[in-house]
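Chemist:
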Amino acid sequence: MASEGQSREPEDRLAEQIRYYRTIAPEYGAGRLDLPGGEELDAALEGCELTGRDVLEIACGPGTWTAKLARRAASVTALDSSPEMLALAAARVGSHAGVRFVAGDVFAWEPERRYDVVFFGFFLSHVPAERFERFFALVERCLDPGGEVLFFDDAYRTPEELVEGPGSENIERRTGRGQRFMIVKAPHEPTELELRLRALGWRIEVRLTSGPFFYGRGGRS
Numbered sequence: 023m024a025s026e027g028q029s030r031e032p033e034d035r036l037a038e039q040i041r042y043y044r045t046i047a048p049e050y051g052a053g054r055l056d057l058p059g060g061e062e063l064d065a066a067l068e069g070c071e072l073t074g075r076d077v078l079e080i081a082c083g084p085g086t087w088t089a090k091l092a093r094r095a096a097s098v099t100a101l102d103s104s105p106e107m108l109a110l111a112a113a114r115v116g117s118h119a120g121v122r123f124v125a126g127d128v129f130a131w132e133p134e135r136r137y138d139v140v141f142f143g144f145f146l147s148h149v150p151a152e153r154f155e156r157f158f159a160l161v162e163r164c165l166d167p168g169g170e171v172l173f174f175d176d177a178y179r180t181p182e183e184l185v186e187g188p189g190s191e192n193i194e195r196r197t198g199r200g201q202r203f204m205i206v207k208a209p210h211e212p213t214e215l216e217l218r219l220r221a222l223g224w225r226i227e228v229r230l231t232s233g234p235f236f237y238g239r240g241g242r243s
């Protein structure tokens, strides 16, 4: 369902964001990061100790990172709100006994257990500002004491998307058929993000890559 205006209420924006990713799934690309800095994200993932560890992937999307996590981790629980994206992810991963796919809205979902590693790729920027603290409280509930968090993201937004201006975290995205959706795309700056996480009790180092991406890795203070 396309947007009939600029969604301003948090629940409306999040519902529309889910609709967007469900709608865009059939035309979603392979998720290749063939831009400068993409290889640095791969290196960050390689640098995270996964062998023998249980991983929760939040907002797995089409499984771009799920397959890479599964090659090294003991198990991967991949969560996403879009059944269509989960189907893409399952097709990409194939018959891997250590991977479990879960359909659920992360903003309403609660974990059944804790994990050694919590990973989310290109999702943090889709968390509204007013949900930021609550989101990381969820991440803490998902994480074993001494566990590790790893996330990838970017702050890239095109001028055409900024229909509410550069000061808004809301942007307009269009499908290939021209349907319009208002979603959240918060332009985090790594230094500010690191300080904000530190204030919440996290010890996460956020680094820029040589391209448009950044990544954060760490745990609780």
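Under the working numbering, the first residue of the sequence shown is numbered 23, with each subsequent residue one higher. The beta-carbon is built from N, C-alpha and C at its ideal position, and this holds for glycine as well.
When you compare only the Cα positions, how much space is there between Pro-188 and Ser-117?
Modeler: When rounded, the distance between both Cα atoms is 43 Å.
Chemist: Run through DSSP, which three-state label would Glu-211 get?
Modeler: Three-state result, Glu-211: coil.
Chemist: Can you give the Cα-Cα distance for Ala-52 and Glu-33, rounded to whole angstroms?
Modeler: Any reading at Ala-52 must be qualified, since the residue scores a pLDDT of 47, below 50, and its modelled position is unreliable; the value itself is stated next. The straight-line gap from Cα to Cα measures roughly 29 Å.
Chemist: Can you look up Gly-53 in the DSSP assignment and give me helix, strand or coil?
Modeler: In this prediction, Gly-53 scores a pLDDT of 48, lower than 50, which makes its location untrustworthy; no coordinate-derived value is stated.
Chemist: Give the list of continuous beta strand (DSSP E) stretches no shorter than 3 residues that lie fully inside the stretch 54–137.
Modeler: Whole beta strand (DSSP E) segments, 3+ residues: 76–80, 97–102, 121–125.
Chemist: Just list the residues that DSSP pairs Glu-194 with in beta bridges.
Modeler: Paired residues: Met-204.
Chemist: Under the rule that 16 or more other beta-carbon atoms within 10 Å means buried, what is Arg-163, buried or exposed?
Modeler: By the neighbour-count rule (16 or more Cβ atoms within 10 Å), Arg-163 is not buried but exposed.
Chemist: Using the Cα positions of Ala-96 and Pro-150, report the straight-line distance between them to the nearest angstrom.
Modeler: For Ala-96 and Pro-150, the distance between alpha carbons rounds to 32 Å.
Chemist: Along the chain, where does the beta strand (DSSP E) that runs through Val-171 open and close?
Modeler: Where Val-171 is concerned, the enclosing beta strand (DSSP E) stretches over 165–176.
Chemist: Quick one, are the C-beta atoms of Ala-264 and Glu-132 less than 8 Å apart?
Modeler: With the chain covering 23 to 243 only, the question about residue 264 has no answer from this structure.
Chemist: Are the stretch 40–52 and the stretch 200–211 touching, with three or more C-beta to C-beta distances below 8 Å?
Modeler: The answer is yes - the stretch 200–211 touches the stretch 40–52, with three or more Cβ pairs under 8 Å.
Chemist: To which residues of the same chain is Leu-230 closer than 7 Å at the C-beta, ignoring the five residues directly before and after it?
Modeler: The answer, listed in chain order, is Pro-212, Phe-236.
Chemist: Look at the alpha carbon of Pro-167 and the alpha carbon of Pro-48, and state the distance between them as a whole number of angstroms.
Modeler: So the two alpha carbons sit approximately 39 Å from each other.
Chemist: Distance, Cα to Cα, Phe-144 vs Glu-227?
Modeler: About 17 Å.
Chemist: From Asp-155 to Leu-67, what does the alpha carbon distance come to, in whole angstroms?
Modeler: For the record, residue 155 in the displayed sequence is Glu; it is not Asp. Computed Cα separation, rounded: 25 Å.
Chemist: Considering only residues of the same chain and omitting the five flanking positions on each side of Arg-75, which have a CB-CB separation below 7 Å?
Modeler: Only Ala-95, Ala-96, Asp-138, Val-139 meet the Cβ criterion.
Chemist: For Gly-233, collect the residues of the same chain with a Cβ closer than 7 Å to its Cβ; drop the 5 residues on either side in sequence, then sort them by chain order.
Modeler: The residues are Leu-57, Pro-58, Gly-59, Gly-60.
Chemist: Express the C-alpha separation of Ile-46 and Asp-175 in angstroms, rounding to a whole number.
Modeler: Distance between the alpha carbons of Asp-175 and Ile-46: 19 Å.
Chemist: Given a cut-off of 8 Å on the beta-carbon distance, is the pair Val-128 and Val-98 in contact?
Modeler: Not a contact, by the Cβ cut-off of 8 Å.
Chemist: In the DSSP assignment, find the unbroken beta strand (DSSP E) run with Arg-225 in it and report its ends.
Modeler: 224–230 is the extent of the beta strand (DSSP E) around Arg-225.
Chemist: Taking C-beta to C-beta, are Glu-89 and Arg-114 nearer than 8 Å?
Modeler: Here residue 89 is Ala; the residue named in the question, Glu, does not match the sequence. Closer than 8 Å, so yes.
Chemist: Measuring CB to CB, does Ser-243 end up less than 8 Å from Arg-218?
Modeler: Going by C-beta atoms, Ser-243 is not nearer than 8 Å to Arg-218.
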